[in-house]
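Read left to right, the sequence shown gives residues 228 to 297 (our numbering).
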Amino acid sequence: MSKKAAEHHKKASEHHTHAARHHSEAAKHHEGGHYEKAAHHAHTARAHATHARHHSEEAVKAHAEEHGKK
């Protein structure tokens, strides 16, 4: 695997971890009746998930560039 692809996979993993943490915080705030805080964390989680998807797509591109499309 190319270094570029590996870096994108690593970044995707980090963003998924951040997204999971924000989902957890959103759940805690929602259960406590703090709906605005819950919404904030839910939106932040979605942004991290979107960013993770971007890195996943870039990893696939980097892998294809290094190994050629077949």
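The beta carbon of each residue, even a glycine, is placed where N, CA and C say it ideally should be.
Express the C-alpha separation of residue j and residue i in angstroms, rounding to a whole number.
i      : j      : result
Glu252 : His278 : 19 Å
Arg273 : Ala246 : 7 Å
Glu258 : Thr244 : 21 Å
Glu284 : Ala266 : 27 Å
Ser229 : His242 : 20 Å
Ala286 : His268 : 27 Å
Gly295 : Gly260 : 52 Å
Tyr262 : Ala239 : 28 Å
Is residue j closer than 8 Å to residue i when the C-beta atoms are compared?
i      : j      : result
His249 : Thr271 : yes
His290 : Ala232 : yes
His256 : Lys264 : yes
Hey, is residue i's beta-carbon within less than 8 Å of any beta-carbon in chain D?
i      : result
Ala279 : Among the chains of the structure shown, chain D does not appear; only one protein chain is present.
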